[in-house]
Structures are given as structure tokens and as C-alpha cells.
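Residue numbers (this note's numbering): 1376 to 1591.
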Ligand code: DX5
Ligand code: ZN
């Protein structure tokens, strides 16, 4: 069981959020993926600190926080006060990305950079040795339950080559439309971390699907 699996809480039943988090506590999930959206960088709003406070107080798993917000540097400290394992900002939303990454890392938290489906992985070359995680968006960010964009497999492959060429130990995370059908190809091409929302929460047996992704 070597793949890191981070269920995306956006697909959970928010009427029973506490129970959904307890279910994850009792599962083989590694981290809880938290999608923060601002209705500006992406065409959707999700949740902010009060909801994350509640998740954090119940969760026994570290949080993997994915900021889909403009100018994420405004809120870095707020999101570091949880049991945060990874804090991810978007390349497309950050003017001084290197500074933001340094700030995240200075708190002992893994720094992640996410890129949209249209963004070339080569745009990360100058910082690939400074970051801990690249989050490759395999759908357009904003909503869970979308179809996987197949070109993401090529992006994983190209990114993996760049990571090796730069002798970086950065991990590759894939986020959006991940399921048992595409996970194998993603892992074979170099993905380390699988985020999945609907594949886990909309299934009859979420814990079983988490194990499937871990073992694939
Ligand atoms: C999309 C989010 C994803 C999404 C994943 O903007 O970043 O984390 O919730 O959900 P699925 O796996 O259903 O695409
Ligand atoms: Zn996400």
C-alpha cells in the first residue's frame, strides 16, 4: 500500500460532515483534501475557516489544503494553524510564488503548487527543487464530479521527467476525476498522491474504494 490517497471532502455529505470525517478517521486514507474556493479564481464558492476548524477538530488525519483563491498569500498563516500536512496554492493565482512557497515551508509544512489543465508543466522548472508537491489538476478546478482529462497522463509523465532531471524529490499529486480506471496509468507514469472526491464519497463503500486506490 504505497500510494498516498487524499479523499476530497467537497464530495462528502455536508449534512453529516462530522460522520464523514469519522469515517475517514477509520479508513486507510492518508490525508483529507480540503478545497477552498473563492468565486473569483474559480467559478464556485465552497467553505472557509469555520468549516475547516470543525473538520480539523474531528480529524485524526492531516489536512491537505488546496487553495483555489486569488492572491493566496493573504491567507497563508490562517491555513497553517491546523494540522496541515500540505498547503497548495495555484501557480496561476500567485504573483510572488517563490516567496509564498518559502513562507509555507518556514512553518514546517509541505508546500504545494497546483496547475490548471492548460498550464505547461515546464512553467514549474525554476521552482521544482523548492516545492514538495505539484498538484496536477486533471479537471478544470471549481467542481467535483467532473470527467478526467486524459491528457493529464502526459503531464504526469513530463513532470516526472523534469523532477528527475532536476534531482528534485517533489511528489506528484493528481486531482480531479480520479477513479479505479485511470489511477493505474497515473501511478505507472509517476503519480504519488491520488485525490478523489466522487469516486470515494459517492460510492456504496468509501473505505473499500480508498483501499483500491492505495493498492492500485
Ligand atoms: C476540483 C477540486 C477537486 C475535486 C475532486 O476543483 O480541486 O479536489 O473536489 O473531486 P472528484 O474526484 O469528484 O473530481
Ligand atoms: Zn482539490
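The beta-carbon is built from N, C-alpha and C at its ideal position, and this holds for glycine as well.
Here the structure is a predicted model, which is why all the values come from computation and not from measurement.
- The ligand DX5 has no heavy atom closer than 6 Å to the beta-carbon of residue 1468.
- Collapsing the DSSP output to three states places residue 1492 in coil.
- If you draw a 10 Å sphere on the C-beta of residue 1409, you find 16 or more other C-beta atoms in it, and that means buried.
- Closest option to residue 1559, judged by alpha-carbon separation, among 1493, 1590 and 1516: 1590.
- Closer than 6 Å to some heavy atom of the ligand DX5: that does not describe the Cβ of residue 1566.
- Secondary structure of residue 1521 (DSSP, three-state): coil.
- Counting only the Cα atoms, residue 1510 lies some 15 Å from residue 1484.
- Membership of residue 1410 in any alpha helix (DSSP H) is not indicated; the residue belongs instead to the beta strand (DSSP E) covering 1407 to 1412.
- Per DSSP, residue 1570 is one residue of the beta strand (DSSP E) stretching across 1568 to 1571.
- If the five residues before and after residue 1402 are omitted, its C-beta is found closer than 6 Å to the C-beta atoms of 1582 and 1585, all from its own chain and listed in chain order.
- The three-state secondary structure of residue 1516, taken from DSSP, is coil.
- In this model, residue 1397 and residue 1587 are separated by some 19 Å (Cα to Cα).
- With respect to residue 1508, residue 1546 sits close: the two C-beta atoms are nearer than 7 Å.
- If you measure from each CB to the nearest heavy atom of the ligand ZN, the residues under 6 Å come out as 1383, 1408, 1410, 1441, 1550 and 1570.
- Inter-residue distance for residue 1425 and residue 1432 is about 11 Å (C-alpha atoms, whole angstroms).
- Counting other Cβ atoms within 10 Å of its Cβ, residue 1525 stays below 16 and is therefore classed as exposed.
- DSSP links residue 1531 through a beta bridge to no other residue.
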